[in-house]
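Following my numbering, the numbering of the sequence shown begins with -6 at its first residue and continues without gaps.
Ideal placement from N, C-alpha and C gives every residue a C-beta, glycine not left out.
Below is one structure, written out as structure tokens, with a few remarks after it.
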Amino acid sequence: PIPPTYTVEAHSNGDLYIKPVTSEIPKVLNCTVKQLHTAPTPKSKQGGGSDIVTAFVPCKNSSTALTILYSHGNAVDLGQMLPVYRELSKLLKVNVMGYDFTGYGACSGTPSVQQT
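Shown next, in the form of structure tokens:
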């Protein structure tokens, strides 16, 4: 979505979190947020890689080793999906890892087939 539904902010200890830009989207606590720099792909016509945002929602009430890697659909970003990841984690008793594609949410770059 344009504009993104979240920004990436840092707590005083340096840990990152996803801050929704509207009160309609609930803030999800207890998740680990990282900004990663990806290497350029061989097909990439542009220079370097891009910065992507990831979020890991651990299962609260279980010591599970199972993790779902959730690739969200088009027209949404992590800000909208994080509450869904939290519910999936609770209901299925698994960890959930999500990310935004290049050009989505707070990620740099422009979405393209070559970047997927």
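Spatial neighbours of T57 in its own chain (CB-CB distance under 8 angstroms, excluding positions within 5 residues in sequence) are listed in chain order as K86, V87 and N88. For the options F94, S55, A68 and T15, the alpha carbon positioned closest to that of K83 is the one of S55. Taking the Cβ atoms as the reference, L29 lies roughly 5 angstroms from I45, within the contact range of under 8 angstroms. Our two residues, T(-2) and Y92, have alpha carbons roughly 14 angstroms apart in a direct line. With respect to T47, K20 sits apart: the two C-beta atoms are not nearer than 8 angstroms. Taking the Cα positions, G72 is about 10 angstroms away from Y97. Burial is judged here by how many other beta carbons sit within 10 angstroms of a residue's own beta carbon; D70 has at least 16 and is buried. Under the DSSP assignment, G72 falls in the alpha helix (DSSP H) whose first and last residues are L71 to L85. Counting C-beta atoms within 10 angstroms of its own C-beta, L75 has 16 or more neighbours from the protein chains shown and is therefore classed as buried. T25 is the residue among I(-5), P(-4), T25 and V77 whose C-alpha sits nearest the C-alpha of G7.
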